[in-house]
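Chains as they are written, first to last, in this note's numbering: chain A, 1 to 93; chain B, 1001 to 1417.
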Amino acid sequence: MKKMKVEERLTLTKFEVYGEPHIILRREKCKGCDFKICISSCPAGLFTLDETGEIKFTYEGCLECGTCRIVCPENAIEWNYPLGGFGVQYMFG
Amino acid sequence: MSERYDVIVVGGGPAGLSTAYFLADHGYNTIVLERGSEPGSKNVFGGRIYTYPLDKYFPDWRKDAPIERWVRREALSILCEDNIVNLEYEIDRKPNGYDSFTAFLSRFLKWLALKVEEKNVVVATNVRVDEILFRDNIAYGVRIGDDKLEAEYIVIAEGANTLLSERHGLRRKISPRDIAVGIKEVIRLGREKINERFCLGDEEGLAQFLIGSRFGGGFIYTMKEYVSIGVIYRPLLNNQIEAKDVIEELKIHPHLSKLLRDGVPVEYSAHIVREAGYSDLMHKPYGRGYIVVGDAAGLILNTGFTVRGVDLAIESGRLAAEAIHKTPPGEEPAVYMKLLREKEIIKTLKKFRKVSKILSNERIYTKYPEYICQILDKIYTVDELPETLNESFKKAVGGKTSIIRLIFELLTMVRSL
Ligand SMILES: Cc1cc2nc3c(=O)[nH]c(=O)nc-3n(C[C@H](O)[C@H](O)[C@H](O)COP(=O)(O)OP(=O)(O)OC[C@H]3O[C@@H](n4cnc5c(N)ncnc54)[C@H](O)[C@@H]3O)c2cc1C
Ligand code: SF4
Ligand code: SF4
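What follows is the structure, given as structure tokens:
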């Protein structure tokens, strides 16, 4: 089986993306965080570092697993479910 | 939604739908509010459901429930770099005699929602509950955007990610140490290939638990036409590999890549699992006007080899309905806790309470798999100078740990499982 990147794997899953993000990252809180565990623990790979070394986040492609909110040591992640009906649409969950 | 209901159930997972099902039997006018666009569209699990609660409470469920395959083969496998160590157990029973089946939770919940609707319960989808309304510490309704809906009782069935419970101070945020993330991929392989490669008959399924030094714990469940594979990722332990890459890591193992050759991935999903077991159980999963069921209350059992949540969710739903029924108006449904105790749910959780410690012991994923593979590799490699078991053992373990420590750890593990 050929190797698949997470971006590609996410295209398998159906999403009904809402216009406003359901997860908001308070980047100012990330400044003092050395751990940056959000990057390694998001199964959708939605947390990345930009060129300046700051955390970047996109909410499209969020699997609504709940991990990032729990692992973040600084409570920098304001997490809510997407509005009813929106977000991920699992068929084989 | 202007009609008044006796009970509002927040969340249409196994726990919420079951509570509504049993409440209907007691004559309560009930509505289930689910944020997904369909029942099951937000739910993720591994792949096995135990039959006992269905046999007890859902007459004729075998006729139309979305059963994929009956679990006939159980396997526990240690994946080393290129090799695999298997312990298999094959169950030979009459059809109907198997005690679990493989399934997709999404499809199972669609079926369950139909059973609930047959009892005139309303299952409203596309509804995200934003707040539970309390007056003088008594829950009396929910807020959905600018709308309000009131009822005598609110059943909190929001699942493992306890946002509402935390918002209202019923629970604290769980420690990162006590969660794992289940990360799953479903692969279409076709019935014939599955039967052939996994040595299964048409209706027979495999439930396989995996341990590997690179990815931690994992699972394989065979469905009719699909195979579900997954990793139970522990954010604080699995730090040599990122969560987004673990599925690939699992799939490239020579053993799995052979089994899954030509398979077409169809869906990628993930969900947290609460792993603290007994210590995560809410001390008081009820209060005036509300009751908490399923994962939200901490009613999930990880035995180390299998995760049991669906059957406990159904049982807790039944007991919550009974508790509501037995509680006089205005009082707390305290009898719920008593019922959970009587029905052995709590005892079972208690019995497995040490498992969570073991699951968070890094050595069972990193060291042991390696040792076991090395020992077996030495035993089964034939050359001119064969080694005794003792020599193989010493070589594999090397100076890394003492035999006594290893035996001690293994014993503690076995005792707790
Ligand atoms: C990876 C993984 C593998 C597992 N494997 C197995 C297995 O093989 N067998 C087994 O028996 N169990 C397994 N489990 C456990 C099982 O999935 C859970 O125990 C079970 O789903 C719990 O049911 P629940 O109804 O409490 O919660 P959930 O299934 O999580 O349902 C909660 C529901 O509430 C809804 N909701 C939440 N908040 C709101 C809100 N504010 N408004 C409206 N709706 C809301 C959600 O959309 C969801 O549908 C597994 C779990 C995971 C994560
Ligand atoms: S773990 Fe939390 S604080 Fe640290 S970088 Fe990630 S979001 Fe920011
Ligand atoms: S909820 Fe899960 S998928 Fe979504 S951003 Fe957080 S960790 Fe990633």
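For each residue, glycine too, the CB sits at the ideal point set by N, CA and C.
Own chain partners of residue i with C-beta closer than 6 Å, once the 5 adjacent residues on each side are dropped
{"i": "residue 1267(B)", "result": "1186"}
{"i": "residue 17(A)", "result": "60"}
{"i": "residue 1108(B)", "result": "1066"}
{"i": "residue 1033(B)", "result": "1010, 1124, 1127, 1129"}
{"i": "residue 88(A)", "result": "15, 63, 64"}
{"i": "residue 1271(B)", "result": "1044, 1182"}
Within chain C, the residues that residue i reaches when beta carbons sit closer than 9 Å
{"i": "residue 3(A)", "result": "Protein chains A and B are contained in the structure displayed, whereas chain C is not."}
Distance CB(residue i)-CB(residue j) smaller than 7 Å
{"i": "residue 1045(B)", "j": "residue 1105(B)", "result": "yes"}
{"i": "residue 1342(B)", "j": "residue 1302(B)", "result": "no"}
{"i": "residue 90(A)", "j": "residue 1077(B)", "result": "no"}
{"i": "residue 1314(B)", "j": "residue 1059(B)", "result": "no"}
{"i": "residue 1069(B)", "j": "residue 1192(B)", "result": "no"}
{"i": "residue 1009(B)", "j": "residue 1157(B)", "result": "yes"}
{"i": "residue 1012(B)", "j": "residue 1039(B)", "result": "yes"}
{"i": "residue 1037(B)", "j": "residue 32(A)", "result": "no"}
{"i": "residue 1151(B)", "j": "residue 1007(B)", "result": "yes"}
{"i": "residue 1273(B)", "j": "residue 1182(B)", "result": "yes"}
{"i": "residue 1221(B)", "j": "residue 1047(B)", "result": "yes"}
{"i": "residue 1176(B)", "j": "residue 1236(B)", "result": "yes"}
{"i": "residue 1211(B)", "j": "residue 1369(B)", "result": "yes"}
{"i": "residue 1396(B)", "j": "residue 1375(B)", "result": "yes"}
{"i": "residue 1189(B)", "j": "residue 1277(B)", "result": "no"}
{"i": "residue 1075(B)", "j": "residue 1208(B)", "result": "yes"}
Contacts around residue i, its chain only, beta-carbon distance under 8 Å, and the 5 residues preceding and following it disregarded
{"i": "residue 1251(B)", "result": "1185, 1229, 1257, 1260"}
{"i": "residue 77(A)", "result": "23, 24, 25, 26, 38, 68, 69"}
{"i": "residue 1284(B)", "result": "1337"}
{"i": "residue 1064(B)", "result": "1111"}
Min CB distance residue i to chain A below 7 Å
{"i": "residue 1079(B)", "result": "no"}
{"i": "residue 1126(B)", "result": "yes"}
{"i": "residue 1242(B)", "result": "yes"}
{"i": "residue 1001(B)", "result": "Model confidence at residue 1001(B) stands at a pLDDT of 49, short of 50, so the residue's coordinates are unreliable; what they give is reported in the following sentence. Cβ-Cβ to chain A under 7 Å: no for residue 1001(B)."}
{"i": "residue 1105(B)", "result": "yes"}
{"i": "residue 1181(B)", "result": "yes"}
{"i": "residue 1302(B)", "result": "no"}
{"i": "residue 1176(B)", "result": "yes"}
{"i": "residue 983(B)", "result": "Nothing about residue 983(B) can be read from this structure; chain B reaches only from 1001 to 1417."}
{"i": "residue 1333(B)", "result": "no"}
{"i": "residue 1235(B)", "result": "yes"}
{"i": "residue 1186(B)", "result": "yes"}
C-beta neighbour in chain B for residue i, strict 7 Å
{"i": "residue 93(A)", "result": "yes"}
{"i": "residue 90(A)", "result": "yes"}
{"i": "residue 58(A)", "result": "no"}
{"i": "residue 19(A)", "result": "no"}
{"i": "residue 65(A)", "result": "yes"}
{"i": "residue 7(A)", "result": "no"}
{"i": "residue 41(A)", "result": "yes"}
{"i": "residue 84(A)", "result": "yes"}
{"i": "residue 12(A)", "result": "yes"}
Contacts around residue i, its chain only, beta-carbon distance under 7 Å, and the 5 residues preceding and following it disregarded
{"i": "residue 1001(B)", "result": "The predicted position of residue 1001(B) is uncertain, since its pLDDT is 49 and thus under 50; no value can be drawn from it."}
{"i": "residue 1320(B)", "result": "1019, 1155, 1291, 1293, 1336"}
{"i": "residue 1255(B)", "result": "1079, 1084"}
Please give me, in chain order, every unbroken run of the alpha helix (DSSP H) with length at least 4 that falls completely inside the stretch 1254-1290 of chain B. The stretch 1254-1290 of chain B contains these whole alpha helix (DSSP H) runs: 1254-1259.
Closer than 8 Å, Cβ to any Cβ of chain B: which residues of the stretch 45-56 of chain A, in chain order? Legend: CB atoms of the stretch 45-56 of chain A lying less than 8 Å from CB atoms of chain B belong to residues 45.
Using a Cβ cut-off of 9 Å, which residues of the stretch 1214-1229 of chain B contact any Cβ in chain A, in chain order? Residues 1223, 1226, 1228.
What are the residues in the stretch 67-81 of chain A lying within 9 Å of chain B by C-beta distance? Under the 9 Å Cβ criterion, the stretch 67-81 of chain A contributes 67, 69, 70, 71, 72, 73, 75, 79, 80, 81.
What residues in the stretch 21-35 of chain A have a beta carbon less than 9 Å from any beta carbon of chain B? Here the close residues number zero.
Residues of the stretch 1258-1273 of chain B with Cβ closer than 7 Å to any Cβ of chain A, in chain order: Under the 7 Å Cβ criterion, the stretch 1258-1273 of chain B contributes 1260, 1261, 1263, 1265, 1266, 1267, 1268, 1269, 1270, 1271, 1272.
Output the residue ranges of the alpha helix (DSSP H) runs that lie fully inside the stretch 1319-1384 of chain B and measure 4 residues or longer, sorted by chain position. List check, alpha helix (DSSP H) in window: 1335-1342, 1345-1351, 1355-1359, 1363-1380.
What are the start and end residues of each continuous alpha helix (DSSP H) run of 4 or more residues lying completely inside the stretch 15-64 of chain A, in chain order? DSSP runs (the alpha helix (DSSP H)) wholly in the stretch 15-64 of chain A: 27-30, 37-41.
Interfacial residues, the stretch 1035-1064 of chain B to chain A, with Cβ spacing under 9 Å: Listed in sequence order: 1035, 1036, 1037, 1038, 1040, 1041, 1042, 1043, 1044, 1045.
Can you pull out the residues from the stretch 1007-1020 of chain B whose beta carbon lies closer than 9 Å to at least one beta carbon of chain A? Within the stretch 1007-1020 of chain B, no residue has a Cβ that lies closer than 9 Å to any Cβ of chain A.
At a CB distance below 8 Å, what residues from the stretch 1140-1170 of chain B approach chain A? Give them in sequence order. If the cut-off is 8 Å between Cβ atoms, the stretch 1140-1170 of chain B has 1144, 1160, 1161, 1163 near chain A.
Uninterrupted beta strand (DSSP E) stretches inside the stretch 1101-1185 of chain B (no shorter than 3 residues): Scanning the stretch 1101-1185 of chain B from its first residue to its last, the whole beta strand (DSSP E) runs of 3-plus residues come out as 1122-1124, 1131-1135, 1138-1144, 1147-1156.
Restricting to runs no shorter than 4 residues, where is the alpha helix (DSSP H) found entirely within the stretch 1009-1041 of chain B? Inside the stretch 1009-1041 of chain B, DSSP marks whole alpha helix (DSSP H) runs of 4 or more residues at positions 1014-1025, from first to last along the chain.
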